[in-house]
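2 protein chains.
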Amino acid sequence: MDQIHNMDCLKGMRKIENESIDLIFADPPYYMQTEGQLIRVEGSIYLGVNDTWDQFNSYNEYDQFSFEWLKQCQRVLKRNGSIWVIGSFQNIYRIGYIMQQLGYWIINDVIWSKKNPTPNFMGTRFTNANEILLWCTKSPKSKYTFNYKTMKHINGGKQMKSVWEIGICSGKERLRDDKGRKLHNTQKPIELLKRVILSSSRKNDVVLDPFMGTGTTAVVSKMYGRKYLGFEKEEKYVELIYHRLRKTEESIEKNLIENVYDIKEKRVPMKRLIENKFIVPGEFLFDKNGENKSQLTQSGKVLIAHSEYSIHKGSAKILGIVNNNGWDYWHVKRNDILKPINDYRKKVNETKNS
Amino acid sequence: MDQIHNMDCLKGMRKIENESIDLIFADPPYYMQTEGQLIRVEGSIYLGVNDTWDQFNSYNEYDQFSFEWLKQCQRVLKRNGSIWVIGSFQNIYRIGYIMQQLGYWIINDVIWSKKNPTPNFMGTRFTNANEILLWCTKSPKSKYTFNYKTMKHINGGKQMKSVWEIGICSGKERLRDDKGRKLHNTQKPIELLKRVILSSSRKNDVVLDPFMGTGTTAVVSKMYGRKYLGFEKEEKYVELIYHRLRKTEESIEKNLIENVYDIKEKRVPMKRLIENKFIVPGEFLFDKNGENKSQLTQSGKVLIAHSEYSIHKGSAKILGIVNNNGWDYWHVKRNDILKPINDYRKKVNETKNS
DNA sequence: CATTGATATGAATCCTACG
DNA sequence: ACGTAGGATTCATATCAAT
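Keeping their order, the protein sequence lines are chains A and B.
Heads up: the first sequence runs through residues 31 to 384, numbered per my numbering.
Heads up: the second sequence runs through residues 31 to 384, numbered per my numbering.
Below, the structure written as structure tokens:
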């Protein structure tokens, strides 16, 4: 693993095994269709994308190309893998349509809202301040990875929205030659890839980038303990990527690498606590204030008004809501002190793992 | 004009004349697979590209439907009219693709970023906090209306971006029955339609809404002096719209209605100022400080270093930039006081109009 | 050293009314 | 329809120089 091939995307993709990739990030050409030159008032020329890799003869040709590489992506993705594709209004509606035709299932359309976009010099339309990322699974039934709590943590404790405000890649992050000229027209920011990779993959997962460019996907994969694989057909960029990767070190954010916010307690049936003699059928469970006591049955249920409920449904019943986490609600009395039953769940898990 | 028809969209559209509409706002349904029933439409849709795509095509009916009404919209739009379509990830990639196939030209994809979206209760994806509006002309060559300065004014003096942060429709604006239940699931906020209508139409323009719903398009059209026209197939909504419109009054923002920020001075050739004897060939023009004087030629050009330039190119030459507005730069001396030549342009225009 | 100011630049479908 | 002349138009950052 951790391979970078100086190779055309389609040629490379065909060499990858079926269902071997956990996550794909693809930044294909956008087919911008710009004409002439855009000149600022002071006379300087705006250097946009005029690269040969963005040249196509028609939508049809662009669609065929997109269809081919997206089909390959679908083949190599694991059953529960997922894919992100970034684009702009020129191409993303074609990409989205083709992906839906291929059976991909859209989880989110994430908006990259640029804090500092290129303004519209001529005042002819709204400043084009966004790009769109389609996050999809290969089919509607995929059990995809989503590190919900990690993203919530990064977002300051609130669940992360589908609109991401991130600056364009500039300053020291932007790769330049010794004359200060940008080395690639469309280098993507680290922050963007950080969110993509941390949200939808786990440590040691294999991340594929079919159009590497400056290799931000590989760089962020290395930073956060993922394996990377990708293709870039222009040799000058491949050398750039190698050089960039050599200077890349693992992130100091170990909690994010180890995914601690999204590690889930193993499920434990209540009966297991009885089998392990942590609690005894017939004893009483209490809420955190020592009130609302309920008796425990042989089968690990709670008795409320002569009816049996699971610890979860039972606590919900008392709270007058539909669902509740009983592990956080119930306590037992030990030496007259209330002890959360969740402590015993953890003990059971520790016993199993040892 | 100002008609609301209790009628199916397609049936209604067929009664509209060719090239008679200035602006369309469409909020089409996007029940795609399980929800609701789709209208059967005649004929078949050929979107080009690749027949093998049909293998997964559960979207066919939706595409047919979208194709039909979008084709009608293209027919009824004036040459220089434009259309907005709003959707979310379930349908907007189909809409965008079909529009491009039909030859529509995307001006912007505007993101409605919701300040207060419905949270994702299960924590299974990013909070879906955006909808997308595609703003398109019927062909790449259309000279569409864009009230750039009006939008810049609304946006506090900065050019408006393609990402709009607007709250969802709630509070007093949200239409409810006497039991407080919302009357429509997808009522669009006034602020959203205000931006759509003010940016891309002028006073007395005809605004069409093929899927009226709660009629926000008509309401905002009335508020800002546009004519409205639309279809809604459910009678209960039609009655709601009538009721809502009766309570709607013209906005107090007269400057926005009269479009004062985007009214342009009529073009005047410099020669006209000579013909009207406001200025005399041979006299000198000055910048606002009385420096940088240049002599005026017979043909209304300025002489700089023995070369003739238009007043615009000439002032730009002096400023060392590519282009400049000569009307704002040049002055003549009258009784030893500098007088902007732009004053004479205004006089010429007043003479023409009287 | 801190502050101010000048300069450079970024995935861009970037002009249009009149004759 | 088309060519031509008239004339309208930018924002957030980063860097570096100057005060």
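We put the beta carbon where it would ideally sit given N, CA and C, even for glycine.
Contact annotation: in the segment 171 to 194 of chain A, residues whose CB is within less than 7 Å of a CB in chain B are Phe176, Tyr178, Gln189, Met190, Lys191, Ser192 and Val193. In the structure shown, the three-state DSSP call for asparagine 177 (chain A) is coil. Per DSSP, reduced to three states, the secondary structure at isoleucine 137 (chain B) is strand.
Residue pairing from DSSP places tryptophan 194 (chain A) in a beta bridge opposite A:Trp142.
For glutamine 63 (chain A), the closest of A:Ile54, A:Gly42, A:Ser74 and A:Gln85 by C-alpha to C-alpha distance is A:Gln85. Interface residue (Cβ-Cβ distance to chain B less than 9 Å): asparagine 160 (chain A) is classified as such.
Within the segment 365 to 380 of chain A, not one residue has a Cβ closer than 8 Å to any Cβ of chain B.
Looking at the DSSP output, tryptophan 165 (chain B) bridges to B:Trp114 and B:Asn138.
Chain-order list of chain A residues neighbouring phenylalanine 156 (chain B): Asn138, Val140, Met190, Lys191 and Ser192, by C-beta distance under 7 Å. The Cβ-Cβ distance between glutamine 130 (chain A) and isoleucine 136 (chain A) falls below 9 Å.
Note on geometry: alpha-carbon atoms of serine 324 (chain B) and lysine 277 (chain A) lie some 59 Å from one another.
Look at the segment 208 to 248 of chain B and you find these whole runs of beta strand (DSSP E), each 3 residues long or longer: 236 to 239. Taken through DSSP and simplified to helix, strand or coil, isoleucine 51 (chain B) comes out as strand. Between serine 229 (chain B) and chain A, the shortest Cβ-Cβ separation is below 9 Å. In the DSSP secondary-structure assignment, arginine 206 (chain A) is bridged to A:Lys212. DSSP places phenylalanine 314 (chain B) within a strand segment (E or B) once states are collapsed to three. In the DSSP assignment, the residues bridged to glutamate 262 (chain B) are B:Asn36.
For glutamate 338 (chain A), no alpha helix (DSSP H) encloses it; the enclosing beta strand (DSSP E) starts and ends at 337 to 339. For the pair of segments examined, the segment 90 to 106 of chain B was found not to touch the segment 141 to 148 of chain B: the number of CB pairs separated by less than 8 Å stays below three. Contact annotation: alanine 56 (chain B) and phenylalanine 241 (chain B) have beta-carbon atoms nearer than 9 Å. Annotation: the continuous alpha helix (DSSP H) that includes serine 96 (chain B) extends over 90 to 106. The Cβ atoms of threonine 244 (chain B) and isoleucine 282 (chain B) do not sit closer than 9 Å to each other.
Exposed is the label assigned to phenylalanine 151 (chain A), since fewer than 16 other Cβ atoms lie within 10 Å of its Cβ. The CB of asparagine 150 (chain B) comes closer than 7 Å to the CB of Gln189 in chain A, given here in chain order.
Nearest neighbour of isoleucine 34 (chain B) by Cα position, chosen from B:Cys199, B:Leu238 and B:Lys301, turns out to be B:Leu238.
When the five nearest sequence neighbours on each side are left out, the beta carbons in the same chain lying within less than 6 Å of the beta carbon of isoleucine 54 (chain B) are those of Cys103, Ile113 and Leu238, in order along the chain.
For the pair serine 337 (chain B) and aspartate 32 (chain B), the Cα-to-Cα distance works out to about 57 Å. Among the residues of the segment 107 to 132 of chain A, those with a Cβ less than 7 Å away from any Cβ of chain B are Phe119, Tyr123, Arg124, Gly126, Tyr127, Gln130, Gln131 and Leu132, in the order of the chain. With three or more CB-CB distances shorter than 8 Å, the segment 106 to 125 of chain B counts as touching the segment 155 to 167 of chain B.
Measuring C-alpha to C-alpha distances from valine 193 (chain B) to each of B:Ile220, B:Ile141, B:Thr154 and B:Arg44 identifies B:Ile141 as the nearest. In the DSSP assignment, leucine 303 (chain A) falls within the unbroken alpha helix (DSSP H) covering 300 to 305.
Rounded to whole angstroms, lysine 212 (chain A) and arginine 204 (chain A) show a C-alpha spacing of 7 Å. Around the beta carbon of serine 231 (chain A), 16 or more other beta carbons sit within 10 angstroms, so the residue counts as buried.
Bounds of the alpha helix (DSSP H) holding arginine 124 (chain B) are 122 to 131.
Note on leucine 303 (chain B): 16 or more other CB atoms within 10 angstroms of its CB, so buried under the neighbour-count rule.
By the neighbour-count definition (other C-beta atoms within 10 Å, threshold 16), leucine 163 (chain A) is a buried residue.
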